[in-house]
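Protein chains in written order, with the working numbering: chain C, 1 to 109; chain Z, 1001 to 1461.
Shown next as structure tokens:
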């Protein structure tokens, strides 16, 4: 474990922050510009996983376990959310026969 | 804590009741369970608040008062549900179970003392709602609303989590008490912390539906079943807002110079977007959705000018808003059952057919618009007073203009009820069950009572 921590700390913390911010930004861009619902969900997962990675890095640098415990919370709840989300997508697909977000335009002001 | 445990057990118990087809027992059991949980909350009122479970939750008076408000609103909404759910589907145990779980999440959000609980609470609250919004499986607009709500909810959770992570990176803790120590004692606060505040602000603004993160609100409120819309726009909105306020009042007050301009901009945009778009709506339900956006803007006043008076004024405003919204949606359900439409025209001539119903809806609309003698007026007055105390004249002027605009669209429905004639014959009355009468009566009486004796609420906190 000690060896592992020193290995993680071999990479400067700033690199983790920049790396995770880039992944997060890719996720946000994906949600905003992609039209396929499945890909939007994947982009959201990307956002959550960049958070997980950053939490783990902070936690390892500080020697504080609570960050890693938080990662488990995020994983568990993200799984629950995806289960509900996929069910909703299947339900919508039955009606529209499409996973394109543009097919959902019934509600507009 | 007893309340949260009771509600969790109640939710699972309800599923078993559904399994054994005890349909008639569902509503009474849910109400009794919620009342027991409410009893736990009231019982804790005079105890000294200490963070429980290694600082995970803190049931102070502030959390208890808002928990009680959320539960009262839920009980009122549940009382309306009896006939409503039966018309939608046969498997109604799931509705009650999901509403109870969502309420439990709301309680966690009001009482969190650690970011882990904020996250878990928001997720429990929202995941149950994703299902509730889309529960009309064969209705395309309900499906669409569920998908939009799910995508936007998950997206905003991402922002919330990234914000929490950056704050953790700067302060090394998720605990609100320790974060407050960090903010108070550290001379040079890490830039990560500021980034965290901004991202957290985005995530929370999504959840309360403040502009420019409001665009999901009208679609979702419009597509969801009316009763669920009522639940979302009262309990869930208030809980998310309370979580927002708790973070800012407990931790971020010393940094107010940094976030006040951002929040001020959000507030002003929210007010204008909510009120001006509400003006052009033709559907009552959609108008209520935009009005809920503008109310989020008014509630943000309390955070912009944060101080000792903020918590009681939010409680007042939130109670007034919840009561009036419940009346409005209950009336809408009754009217829609008769006319099959959610448009303003379906309210035409309601005063002649159902004078009492029309009168109660008028009280609710006046309360939402902030006319004196109603609870809404006291709420708005306190919010404006907070802003006055800060000498923020520009915000005050904008708020006053918006309040004037709001009166126009709230009175639209009142005008339709009293001065337009319906095409239908007068004898056709709207059958109201006793539960409806009780809910409408309680909500209307409380709206007036809080308007005349605001101290009942204000002395609580």
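A virtual CB, placed ideally from N, CA and C, is assigned to each residue, including glycine.
Contacting residues, own chain, Cβ-Cβ under 6 Å from residue i (five flanking each side not counted)
i, result
"residue 1417/Z", "1347, 1350, 1351, 1358"
"residue 1210/Z", "1266, 1270, 1296"
"residue 1011/Z", "1097, 1100, 1101"
"residue 1231/Z", "1077"
"residue 1374/Z", "1366, 1367, 1447, 1451"
"residue 1159/Z", "1199, 1202, 1203"
"residue 1095/Z", "1085"
"residue 1466/Z", "No statement about residue 1466/Z is possible, as the shown extent of chain Z runs from 1001 to 1461 and does not include it."
"residue 1171/Z", "1179, 1182"
"residue 1462/Z", "Residue 1462/Z lies beyond the residue range present for chain Z, which begins at 1001 and ends at 1461; the question has no answer from this structure."
Sequence-distant residues of its chain with Cβ nearer than 7 Å to residue i (five each side left out)
i, result
"residue 1383/Z", "1298, 1301, 1302, 1313, 1317"
"residue 109/C", "Because the pLDDT at residue 109/C is just 47, under 50, the model does not fix this residue reliably, and the value given afterwards should be weighed accordingly. Once the five neighbours on either side are set aside, residue 109/C has no close Cβ partner at all."
Beta carbon proximity, residue i to chain Z, threshold 9 Å
i, result
"residue 64/C", "yes"
"residue 60/C", "no"
"residue 27/C", "yes"
"residue 109/C", "With a pLDDT of only 47 at residue 109/C, under the threshold of 50, the placement of this residue in the model should not be trusted, and no figure is reported."
"residue 69/C", "yes"
"residue 54/C", "yes"
"residue 98/C", "no"
"residue 5/C", "no"
"residue 11/C", "no"
"residue 2/C", "no"
Residue range of the unbroken alpha helix (DSSP H) whose run includes residue i
i, result
"residue 1006/Z", "1002-1019"
"residue 1318/Z", "1310-1339"
"residue 1286/Z", "1284-1304"
"residue 1256/Z", "1256-1279"
"residue 1058/Z", "Element bounds for residue 1058/Z: n/a, residue is neither H nor E."
"residue 1346/Z", "First-last for residue 1346/Z: undefined, no H or E at that position."
"residue 1246/Z", "1237-1247"
"residue 1028/Z", "1023-1043"
"residue 3/C", "2-9"
"residue 1195/Z", "1191-1208"
"residue 1228/Z", "1226-1231"
"residue 1363/Z", "1355-1369"
"residue 1223/Z", "1216-1223"
Within chain Z, the residues that residue i reaches when beta carbons sit closer than 7 Å
i, result
"residue 91/C", "1134, 1137, 1143"
"residue 44/C", "1154, 1155, 1158"
"residue 24/C", "1162"
"residue 88/C", "1130, 1134, 1146, 1147, 1150"
"residue 31/C", "1155"
"residue 40/C", "1151"
Proximal residues to residue i (C-beta, below 8 Å), its chain only, five neighbours per side dropped
i, result
"residue 1173/Z", "1179, 1182"
"residue 1396/Z", "1384, 1387, 1388"
"residue 1123/Z", "1105, 1157"
"residue 26/C", "43, 46"
"residue 74/C", "48, 51, 52, 55"
"residue 1380/Z", "1298, 1317, 1370, 1403"
Under 8 Å by beta carbon: chain Z residues contacting residue i
i, result
"residue 37/C", "1147, 1151"
C-beta neighbour in chain C for residue i, strict 9 Å
i, result
"residue 1166/Z", "yes"
"residue 1172/Z", "yes"
"residue 1052/Z", "no"
"residue 1019/Z", "no"
"residue 1116/Z", "yes"
"residue 1169/Z", "yes"
"residue 1213/Z", "no"
"residue 1192/Z", "yes"
"residue 1454/Z", "no"
"residue 1001/Z", "no"
Proximal residues of chain Z, C-beta to C-beta of residue i below 9 Å
i, result
"residue 113/C", "Residue 113/C cannot be examined here, being either before or after the span of chain C that is shown, 1 to 109."
"residue 19/C", "Correct list: empty, because the minimum Cβ distance to chain Z is about 13 Å."
Within chain C, the residues that residue i reaches when beta carbons sit closer than 9 Å
i, result
"residue 1119/Z", "70, 73, 74, 77"
beta-carbon residue i near the ligand ADP non-hydrogen atom, thresh 8 Å
i, result
"residue 69/C", "Because no ligand of any kind appears in the structure shown, any question about the ligand ADP cannot be addressed here."
Would you mind listing the beta strand (DSSP E) stretches within the region 34-109 of chain C that are 3+ residues and don't spill past its ends, in chain order? none
Quick one: which unbroken alpha helix (DSSP H) runs of 4-plus residues sit fully inside the region 1384-1460 of chain Z? Chain order, please. If we require 4 residues or more, the alpha helix (DSSP H) runs fully inside the region 1384-1460 of chain Z come out as 1393-1419, 1434-1452, 1455-1458.
Just to confirm the assignment: which complete alpha helix (DSSP H) runs, minimum length 4, are found wholly within the region 1103-1188 of chain Z? 1115-1133, 1140-1171, 1176-1185
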